[in-house]
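Each step along the sequence shown adds one to the number in the UniProt record's numbering, with nothing skipped, and position 15 is 15. Here a beta-carbon is modelled for each residue, glycine too, at the ideal position from N, C-alpha and C. Have a look at the structure below before the remarks.
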Amino acid sequence: MDSIKNWLFYAEDENGDGHYIHDWFFVGTYQDACNYADIHADEFEKKTGGLILKLVIESHGTANKPVEPTGEDRGKT
Numbered sequence: 001m002d003s004i005k006n007w008l009f010y011a012e013d014e015n016g017d018g019h020y021i022h023d024w025f026f027v028g029t030y031q032d033a034c035n036y037a038d039i040h041a042d043e044f045e046k047k048t049g050g051l052i053l054k055l056v057i058e059s060h061g062t063a064n065k066p067v068e069p070t071g072e073d074r075g076k077t
């Protein structure tokens, strides 16, 4: 059984600018996160009018403890 974890999705656009797709954690397995990223990366591109050239799925630990993302945890946005 896959671990349930907290995930963030970091995208870099064609200009080299980095963006987090959301500022909250997605909770699920790695496969859930991959499926979610695939759908929401397309939506993010439509919303911003840019192209995502790089997408990073970041694990932020197991989901059994409530965690709040912070700028320090997520890096620069």
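- About 11 Å separates the Cβ atoms of L53 and A41, ruling out a contact at the 8 Å cut-off.
- Per DSSP, E43 lies in no beta strand (DSSP E); the unbroken alpha helix (DSSP H) holding it starts and ends at Y30 to T48.
- Taking all protein chains in view, the Cβ of K5 is crowded by 16 or more other Cβ atoms within 10 Å, so the residue is classified as buried.
- Partner residues in the beta bridge of I52, as assigned by DSSP, are D13.
- Rounded to whole angstroms, the separation of the alpha carbons of N64 and D13 is 32 Å.
- In the three-state scheme derived from DSSP, where H, G and I count as helix and E and B as strand, I57 is classed as strand.
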